[in-house]
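So the protein lines, in turn, are chains A and B.
All the letters of the first sequence, read from the start, carry residue numbers 1 to 259 under the numbering used here.
All the letters of the second sequence, read from the start, carry residue numbers 260 to 737 under the numbering used here.
Below you'll find the structure, written out as structure tokens, and then a few comments.
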Amino acid sequence: MLEIKDLHAGIDGNEILKGINLTVKKGEIHAIMGPNGSGKSTLAKVLAGHPAYQVTKGEILYEGKNLLAMAPDERAREGVFMAFQYPIEVPGVSNAQFLRLAYNEKRKHLGEEELDPLEFKDLLKERAKVVEMDASFMTRSVNEGFSGGEKKRNEILQMAVLEPKLAVLDETDSGLDIDALRIVAGGINQLHSPENAVILVTHYQRLLDYVVPQYVHVLANGRIAKEGGKELALELEQKGYDWLKTTATETSGATVRAS
Amino acid sequence: MSTVELLGKQEYKYGFVTDIESDVIPRGLTEDTIRLIVAKKNEPEWMLEFRLKAYRHWLTMTEPKHWPNISYPEINYQDVIYYSAPKRKATKASLDEVDPELLRTFEKLGIPLTEQKQLAGVAVDAVFDSVSVATTYKEKLKKHGVIFCSFTEAIREYPDLVRKYLGSVVPTNDNFFAALNSAVFSDGSFCFIPRGVRCPMELSTYFRINNSESGQFERTLIIAEEGAYVSYLEGCTAPKFDKNQLHAAVVELVALDDAQIKYSTVQNWYAGDEKGVGGIYNFVTKRGKCAGRNSKISWTQVETGSAITWKYPSCILQGDNSIGEFYSVALTNHAQQADTGTKMIHLGKNTRSTIISKGIAAGKSNNSYRGLVKVMPKAENSRNYTQCDSMLIGSNSGANTFPYIEVMNNTSSVEHEASTSKISEEQLFYLQQRGISQEDAVSLIINGFCKDVFLQLPMEFAVEAQRLLGMKLEGSVG
Ligand SMILES: Nc1ncnc2c1ncn2[C@@H]1O[C@H](COP(=O)(O)OP(=O)(O)O)[C@@H](O)[C@H]1O
Ligand SMILES: [Mg+2]
């Protein structure tokens with residue numbers, strides 16, 4: 001589904017990602033971990049096509065197509081979804097209005113009929129159950145006045161509505177209390193299927209107790225410093241990230257395939 | 260460079276010219292011009308006096324060139340044609356007699372006038388250059404006692420009402436453009452809602468400027484008697500010309516005890532091209548008087564067109580407990596300039612006013628809000644709330660707010676909030692990441708920004724306004 005080859009990317013001439021290789025197949029869950037500032041969010045945003053980042057080298061294939069040649073909205077309609085670490089507020093635009101527009105864009109793209117507001121309301125009500133979100137959130141402006149946890153849940157609601165093929169969830173667990181974490185994790189598990197793939201970007205291991213990845217990749221200083229199975233996350237939990245910083249350079253450039 | 264720029268510029272789809280024979284008077288303005296207009300329109304002596312008085316005032320006045328935040332080349336008032344009317348049969352007894360070319364024009368503008376196609380629930384007065392060419396649903400309205408007709412007809416058929424109220428809210432010497440209008444106005448709409456009547460349908464006037472050399476000087480007068488209610492809509496378009504056309508209208512509203520007038524405008528005059536060539540100079544005086552107790556006047560405007568907009572729909576809150584409202588979206592793009600806002604003059608006790616202004620400036624345009632809230636000594640316990648938000652798109656546009664506040668008693672309160680924002684790259688990216696195109700994302704953000712104003716518009720107008728904003732902004736972000 002996704003193949004990242006020797007990806008170098010940065011911002012304003014500063015290289016942040018320094019040669020990332022990663023392959024994700026249908027049905028898989030991958031975790032990307034690593035200390036603050038290691039480039040996790042940058043990787044997520046480059047996948048989604050954030051215009052501030054420049055790719056200087058390497059390529060990304062998504063379902064065999066050149067992802068980097070596609071505009072961000074095109075990528076989204078093709079099934080790439082990113083849950084934002086810091087979801088954005090859109091004053092005056094209701095959650096329902098926003099979600100319907102996004103949902104219908106996808107349907108149009110697939111050559112399907114658009115849903116009218118009433119039809120969509122029913123669908124939204126169904127999908128909202130995935131993250132146990134109250135109907136009152138649908139009429140409120142997108143993320144405006146939402147608590148940190150509510151914003152994160154709203155991201156997963158959007159995922160539930162849009163049913164992406166590839167979901168990149170950037171620190172969706174941060175800022176959640178334990179109950180909210182359970183709900184969000186439960187939602188991700190419900191949405192995950194053999195037909196799609198999830199990349200969990202996280203700083204902590206605790207989300208991984210609920211959403212169990214097959215592969216864990218540790219990013220340090222813009223490179224994948226270590227890879228392994230689920231146990232690697234536990235190991236990091238005990239040892240912290242410091243010990244990686246020295247090894248980061250040693251494994252640099254090594255082509256690693258996760259499967 | 261961006262996908263948006265590649266989309267190119269959306270054409271102004273109302274920019275066509277109707278090829279029609281017109282009765283045009285020579286350029287220029289003298290007392291003889293006024294006499295000629297009066298003769299053409301067969302007006303009574305008192306109208307001639309009204310006009311001449313205004314004209315003589317106008318000669319002593321100077322154009323307000325310094326205080327508004329707008330600039331434009333000198334207007335030669337002797338180079339304007341003050342009367343241009345499509346040639347037609349002497350009187351139009353029914354719509355069937357209206358020139359088919361005109362019917363086609365209005366149909367193309369989305370305003371079908373013929374009986375079979377008329378818009379449901381909206382009565383329309385169609386004004387073409389200097390004259391009203393048709394008014395729909397007149398008979399139906401008459402059954403309810405509502406008078407809705409062209410100004411020309413009102414002068415002829417209801418002279419007492421016109422004499423009583425014409426100039427009662429905007430005096431002939433009020434300002435330079437109002438004086439000019441009073442001297443030369445050629446037509447417009449007249450509405451009268453008698454005591455206790457809730458007008459059964461929306462009333463609207465659609466203004467069309469067709470002649471490149473003529474100005475449009477129309478007059479609207481709306482009177483709501485005790486307990487009456489009316490919702491009135493105004494729409495405007497003009498062809499694309501390289502020259503600027505002058506539009507100087509006067510609108511007067513009068514609300515007696517317990518009456519309500521809701522006045523909505525979607526202004527889409529031709530704005531000129533990207534370099535600022537052509538477009539309408541829109542110098543308009545709009546004012547409502549809440550003459551009676553518990554009366555209410557609401558202005559809602561969506562200003563998207565014109566090269567220059569100079570316009571301050573205002574309320575004189577004379578009756579105790581009366582309410583004035585002003586909801587405005589003003590969008591400027593390319594080289595457009597807008598200096599717009601409102602005046603709320605509190606005279607009566609317990610009067611309330613609300614001002615919600617949303618200014619959006621894109622391209623190299625300049626967008627100013629100018630508002631006056633004046634609470635007179637006797638207007639005890641009065642309240643005003645003003646919220647003034649500006650949004651800048653790109654880095655070459657400008658937005659300003661000029662609030663003037665005068666409170667002359669200590670039982671009243673005035674609250675003013677203002678903000679300036681930009682559409683951020685992060686916001687756009689967020690929406691795009693959900694599959695929404697960049698243009699749609701801009702529209703969505705702008706419509707969200709304007710929501711409080713759009714909520715005030717009648718449903719169909721709100722939809723039209725949203726579509727219009729999206730269209731006007733196409734190509735402005737990238
Ligand atoms: N918009 C930006 N401008 C400048 N530097 C940035 C920007 N975004 C990220 N960076 C830098 O790139 C590095 C990686 O950031 P990020 O991808 O957010 O890391 P992580 O998500 O792993 O904490 C950091 O050093 C950060 O300061
Ligand atoms: Mg991050």
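Note that beta-carbon positions come from the ideal geometry of N, C-alpha and C, so glycine has one too.
Source: prediction; values computed, not measured.
Between which two residues does the beta strand (DSSP E) harbouring residue i extend?
i	result
Ala620/B	Arg611 to Ala620
Asn643/B	Arg642 to Leu651
Asn21/A	Asn14 to Val24
Thr479/B	Glu477 to Ala483
Thr289/B	From DSSP, Thr289/B is part of no beta strand (DSSP E); its letter is neither H nor E.
Leu118/A	Note, Leu118/A: premise wrong, no beta strand (DSSP E); alpha helix (DSSP H) at Pro117 to Ala128.
What does a CB cutoff of less than 7 angstroms around residue i pick up in its chain, not counting 5 residues either side in sequence?
i	result
Glu304/B	none
His316/B	Thr431, Asn432 and Ala438
Pro359/B	none
Asp6/A	Gly19, Asn21, Lys57 and Gly58
Met460/B	Gly380, Val381, Ala382 and Tyr396
Glu105/A	Arg77
Lys108/A	Glu114
Run down chain B in chain order and give the residues with a C-beta less than 7 angstroms from the C-beta of residue i.
i	result
Lys165/A	Ordered by position in chain B, no residue passes the 7 angstroms Cβ test against Lys165/A, which lies about 13 angstroms from the chain.
Gln54/A	Here the premise fails: no neighbours, minimum Cβ distance about 14 angstroms.
Glu105/A	Gly694 and Ile695
Ile88/A	Glu685, Gln686 and Tyr689
Ala102/A	Arg693, Gly694 and Ile695
So which residues of chain B does residue i contact, with C-beta pairs closer than 8 angstroms?
i	result
Ala180/A	The contacting residues do not exist; Ala180/A stays about 21 angstroms from chain B at best.
Met82/A	Gln692
Just to confirm my understanding: we take residue i, look at its own chain, exclude 5 residues before and 5 after, and list those with CB closer than 6 angstroms. What are they?
i	result
Phe449/B	Cys408, Phe410, Ala413 and Leu480
Lys633/B	Ile604 and Glu665
Asp282/B	Ala344 and Lys346
Lys151/A	Pro87 and Asn143
Ser671/B	Val634 and Ser641
Ala349/B	Model confidence at Ala349/B stands at a pLDDT of 44, short of 50, so the residue's coordinates are unreliable and nothing is read from them.
Leu678/B	As written in the sequence, residue 678/B is Ser, which differs from the Leu given in the question. Counting only Cβ-Cβ distances below 6 angstroms, and skipping sequence neighbours, we find Asp648.
Starting from residue i, trace the alpha helix (DSSP H) in both directions and tell me its first and last residue.
i	result
Phe137/A	Ser136 to Thr139
Val701/B	Gln697 to Phe708
Ala594/B	Taken as a continuous stretch (DSSP letters only), Ala594/B belongs to no alpha helix (DSSP H), as it is neither H nor E.
Tyr314/B	Glu304 to Thr319
Gly729/B	Met718 to Leu732
Contact defined as beta carbons within less than 8 angstroms: I believe residue i pairs with residue j. What is the distance between those atoms, to the nearest angstrom?
i	j	result
Ser656/B	Ser624/B	5 angstroms
Lys710/B	Gly111/A	That belief does not hold up - the Cβ atoms of Lys710/B and Gly111/A are roughly 32 angstroms apart, past 8 angstroms.
Lys18/A	Arg153/A	That belief does not hold up - the Cβ atoms of Lys18/A and Arg153/A are roughly 34 angstroms apart, past 8 angstroms.
Gly10/A	Tyr62/A	About 21 angstroms separates the two Cβ atoms, so there is no contact after all.
Val428/B	Cys458/B	Not a contact, Cβ separation roughly 19 angstroms.
Ala220/A	Tyr241/A	7 angstroms
Gln214/A	Glu28/A	6 angstroms
Once the 5 residues before and after residue i are set aside, which same chain residues still bring their CB inside 8 angstroms of it?
i	result
Arg294/B	Leu307
Arg422/B	Trp305
Phe309/B	Leu425, Gly426, Thr431 and Ser441
Tyr270/A	Lying outside 1 to 259, the shown extent of chain A, residue 270/A is not represented and no answer is given.
Glu639/B	Lys608, Asn609, Asn668, Thr670 and Ser671
Asn434/B	Met320, Pro323 and Thr544
Thr251/A	With a pLDDT of only 44 at Thr251/A, under 50, the local geometry of the prediction cannot be trusted, and no value is derived from it.
Arg552/B	Asp516, Asp517, Gly578, Asp579, Asn580, Ser581 and Gly607
Leu714/B	Ala721
For residue i, return the contacting residues in chain A, with the cut-off set at a CB-CB distance below 7 angstroms.
i	result
Ser696/B	Asp73
Tyr586/B	Those within 7 angstroms of Tyr586/B in chain A number zero; the least Cβ separation is about 14 angstroms.
Lys710/B	Gly92
Leu372/B	Within chain A, no residue comes near Leu372/B; the closest Cβ sits about 31 angstroms away, beyond 7 angstroms.
Asp446/B	Within chain A, no residue comes near Asp446/B; the closest Cβ sits about 39 angstroms away, beyond 7 angstroms.
Who are the neighbours of residue i on chain A, taking C-beta pairs under 9 angstroms?
i	result
Glu751/B	No statement about residue 751/B is possible, as the shown extent of chain B runs from 260 to 737 and does not include it.
Tyr488/B	The premise fails here: Tyr488/B is roughly 28 angstroms from chain A at the closest Cβ pair, so nothing lies under 9 angstroms.
Ile704/B	Val90, Pro91, Gly92 and Val93
Give the interface partners of residue i over in chain B, defined as CB-CB distance under 9 angstroms, in chain order.
i	result
Ser141/A	Gly707 and Lys710
Arg77/A	Gly694
Ala160/A	What Ala160/A touches in chain B: nothing, since even the nearest Cβ is about 13 angstroms away.
Residue i CB to nearest chain D CB: under 8 angstroms?
i	result
Leu169/A	Judged by its chain identifiers, the structure shown contains no chain D, and its protein chains are A and B.
What are the start and end residues of each continuous alpha helix (DSSP H) run of 4 or more residues lying completely inside the stretch 370-431 of chain B, in chain order?
397-402, 410-416 and 418-424
Every unbroken alpha helix (DSSP H) within the stretch 30-109 of chain A, with a cutoff of 4 residues, ordered by chain:
40-48, 72-77 and 95-109
Completely contained beta strand (DSSP E) runs for the stretch 494-552 of chain B, where each covers 3 or more residues:
503-506, 509-514, 519-526 and 538-549
Identify every run of the beta strand (DSSP E) within the stretch 546-586 of chain B, keeping only runs that are complete inside it and at least 3 residues long; order them along the chain.
555-562, 567-570 and 573-576
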